[in-house]
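Asker:
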Amino acid sequence: MSSAPSGLAGYDITLGLENDSVATITNATIAEEFGLSLVNISEDNTSMTVRLRGLDFDENIEEGATNISLADVEIEGMATGETALEIQDVTRVDDDSGDSLDLDTTDSGQITVEEAETPTLTIGDATVEEGSTTNADVSMSSAPNGLAGYDITFGLENDSVATITNATIPDEFSYSSVNISEDNTTMTVRLRALDLQENIEEGATNISLADVEVEGVSAGETALEVQDITRVDDDSGDPIDVNTDSGQITVEAADGPGDGNATPNLGIRLDREHVTAGDETAASVVLSEAPEGVAGFNMTLGVDGEEVTIVATSVGDSFDLAVTDTDADAAMIRGLDFNQNVQAGAENVTLATAYVRGAEGADGTAEISITDVNVLESDEAETINATTSNATLEVHNVEPIAYNQLPIDADADGLYEDIDGNGEVNRNDAQIFFREFNSDAIQGYDEYDFNQDGKLSYSDIIALRNYM
C-alpha cells in the first residue's frame, strides 16, 4: 500500500487471478508487522481467490507510513501466457482511528508465465593420445525440482577410434552402478545413480552426473553420445524430460620417441616458479628430444633483472666432462658425453642446471633464458637445430611470521601455505595465520590471499585449512 496517513489498523482483502489456466495461487504470507493474520485460498467454478486478513496490534505501521508491505502471494505457473492478479474485493481497510480508508485498487499485477527451460544433458569434448586415457564429463544443466536419480546408457559412435574403459559417479549420489558392455556392433556404458540424501536440491544447476574414461585407439574422431535414457526422475518421482548434447572425442597420434618429426626445444624448467627473497630454486636446461643423441654442448644462460642472481651451476649427470663459468647474471656451461649416455631417441634430456636465488629485498620477476648456443651437437656430428624457450621466476619479499623462519610456497603457486616455514602445511600454520592475521608480516601481502578474491579476510584462513 502506497501510504497510510493515519496509520493502518488492519485489512481484509480478496485477490484473484484473471486466468487460472495460466497460473494458480499456492500460498500467501502476511507481513510480520501484522500480529494477527489469516490466509484462505479457495476455488469455485470460475476462479481461484485468496483472502488476506491482517491486524496490526502493536501499531507498528504508524501515521504517515509509506510503501507498506501487506503480503506476498505465491504463484505457480501452469501454462505459457499472461494473467492479471487483481483485487476482487475490499471488505475493509481501517486506519488507527478505526476509520475506513478509501483505496484506489485499480493497479493490478501482471503474472507472466514463461515456457520452462528443458534441462540439457551434456557430454563434454575430450582429446587424448593413442594409448592414453582421458575423462569426458557428463553434466545436466538444471534440475528445477531436484534430481532423485538416473539410468542412462552412453556409447561411442566408432569403437575403432576409442574405447570406454571406466566411469565414475560423484559422491552426491549415495548409490551408483557402472556397467560396461560390448556387443557385435558397439561398446556402451550404463550408468545408474540414486541421490538418497537429496543432495541435489530443487533449482540446482550444472550438476555433474559422471566422468566417462575413454582410451585412444587410433587417430581420428568419434562421438560419445546418449544411446538410451531409461529414466531421469526428480525428487517428486516425476520423469524429467531432457535434451541431449553429444561429446566429441578426438584421438591424436602418439609421438614415438625420437621420431624426428618435431623440432626439439631447448627450454628452462624451474623447480619452483615463486621464491622468497633469499630463497633458491633450480633452473634446468632441458632438451625435449634428441633423435640422434647428444655428443656435447656449449651454451650461455642469462638472468634479466636484479631480482635474481645465479649462485651455482652444474652439468647433467649424463655428461662426463663439464666446464662451467658462473657470474651473478650469466653462466657459461659446456658438457661432453664421451660414453654416449644420451642415446638416439632420448627425451627430456637435462643438459645443465643453474641455481638461482631471490635477491634480498626483491619483489618482482626475472627472466631466465638461454642467451647463446655456441654448440649443440648430435652423436652423428650434426648440429641439433632447436628452438629455445625462457622461464619467468617471481620473487616475493615476504617476512618471517613465526620462529624467525620465512614462509614457504609449498606448491609453487605463489601462495605461501607453510606459514611457519618448517616444511609442512598443517593445523599449526592455520593457527599462526589466525593469531598473526593483523600483523604487518601478513597484511598487504597478496601471497596470503588463499581464496584468490583480491583481499585478505578470515575466509583466507578457512581456505588454508581446506588446503591441508
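Add 16 to the 1-based position in the sequence shown for this note's numbering, that's all there is to it. Ideal Cβ positions, reconstructed from N, Cα and C, are used throughout, including at glycine.
If you draw a straight line from the C-alpha of residue 210 to the C-alpha of residue 245, how long is it?
Answerer: Each residue's Cα considered, the two are about 15 Å apart.
Asker: So, using beta-carbon positions, are residue 381 and residue 463 closer together than 8 Å?
Answerer: Contact: no.
Asker: Starting from residue 100, trace the beta strand (DSSP E) both ways and give me its first and last residue.
Answerer: 97–110 is the span of the beta strand (DSSP E), which, as asked, contains residue 100.
Asker: In terms of residues, what are the limits of the beta strand (DSSP E) holding residue 191?
Answerer: Taken as a continuous stretch (DSSP letters only), the beta strand (DSSP E) holding residue 191 covers 191–198.
Asker: Can you tell me which of the three DSSP states residue 276 falls into?
Answerer: Confidence in residue 276 is poor, its pLDDT being 48 and thus under 50, which makes the residue's placement too unreliable to answer from.
Asker: Look up residue 203 in the DSSP assignment and give the residues it is bridged to.
Answerer: DSSP output for residue 203 lists 198 as bridge partner(s).
Asker: With a threshold of 16 other CB atoms inside 10 Å of the CB of residue 450, please say whether the residue is buried or exposed.
Answerer: Residue 450 comes out exposed.
Asker: Which value, in whole angstroms, describes the spacing of the CA atoms of residue 442 and residue 425?
Answerer: Cα-Cα distance, rounded: 13 Å.
Asker: Give the DSSP-derived three-state secondary structure of residue 477 in the structure shown.
Answerer: Helix, per DSSP.
Asker: Which two residues bound the contiguous alpha helix (DSSP H) that contains residue 354?
Answerer: Run containing residue 354: none; DSSP gives neither H nor E here.
Asker: Whole angstroms are fine: how far does the CA of residue 363 sit from the CA of residue 302?
Answerer: In a straight line, the C-alpha of residue 302 is about 9 Å away from that of residue 363.
Asker: Give the DSSP bridge partners of residue 170, in chain order.
Answerer: Answer is 205, 242, bridged to residue 170.
Asker: Going by alpha carbons, who is nearest to residue 94 out of 190, 241, 33, 137?
Answerer: Checking every option, the nearest Cα to that of residue 94 belongs to 33.
Asker: When burial is assigned at 16 or more other CB atoms within 10 Å of the CB, is residue 478 buried or exposed?
Answerer: It counts as exposed.
Asker: I think residue 158 touches residue 135, with their Cβ atoms under 8 Å apart; what is that distance to the nearest whole Å?
Answerer: With 8 Å as the limit, residue 158 and residue 135 qualify as a contact, their Cβ atoms being about 5 Å apart.
Asker: Residue 444 lies in the alpha helix (DSSP H); which residues open and close that run?
Answerer: Run containing residue 444: 443–451, per the alpha helix (DSSP H) assignment.
Asker: Could you tell me the alpha carbon to alpha carbon distance between residue 167 and residue 368, rounded to whole angstroms?
Answerer: Taking the straight line joining both Cα atoms gives about 56 Å.
Asker: Give the DSSP-derived three-state secondary structure of residue 469 in the structure shown.
Answerer: If DSSP states are grouped into helix, strand and coil, residue 469 belongs with coil.
Asker: Do the stretch 223–234 and the stretch 140–158 meet, that is, are 3 or more Cβ pairs less than 8 Å apart?
Answerer: Contact holds: three or more Cβ-Cβ distances are below 8 Å.
Asker: Starting from residue 3, follow its DSSP beta bridges and name the residues at the other end.
Answerer: Since the first residue shown for the chain is 17 and the last is 484, residue 3 is missing from the structure and cannot be characterised.
Asker: Does the stretch 445–460 come close enough to the stretch 327–334 to have 3 or more Cβ pairs within less than 8 Å?
Answerer: At 8 Å Cβ cutoff, the stretches do not touch.
Asker: Our contact map puts residue 251 next to residue 183 with C-beta atoms below 8 Å; I'd like the distance itself, whole angstroms only.
Answerer: Between residue 183 and residue 251 the Cβ distance is about 24 Å, and since that is not below 8 Å, they are no contact.
Asker: Closest by CA to residue 346, which one among 315, 309, 203?
Answerer: Considering only alpha carbons, the answer is 315.
Asker: Beta strand (DSSP E) containing residue 127: first to last residue?
Answerer: Note, residue 127: beta strand (DSSP E), 125–129.
Asker: Between residue 110 and residue 26, which are expected to be in contact by the criterion C-beta below 8 Å, what is the C-beta distance as a whole number of angstroms?
Answerer: Sure, about 6 Å apart at Cβ, within 8 Å.
Asker: Mapping the DSSP letters down to three states, classify residue 396 as helix, strand or coil.
Answerer: Residue state, collapsed to three classes: coil.
Asker: Reducing DSSP to helix, strand and coil, say where residue 371 ends up.
Answerer: It is a strand residue.
Asker: Answer with buried or exposed for residue 432, where buried requires no fewer than 16 other C-beta atoms within 10 angstroms of its C-beta.
Answerer: Classification for residue 432: buried.
Asker: Which whole-angstrom value describes the C-beta separation of residue 178 and residue 285, a residue pair presumed to lie in contact below a C-beta threshold of 8 Å?
Answerer: Rounded, the Cβ-Cβ distance is 31 Å, inconsistent with contact.
Asker: By Cβ distance below 8 Å, which residues in the same chain neighbour residue 130 in space, the five residues on each side in sequence not counted?
Answerer: 93, 96.
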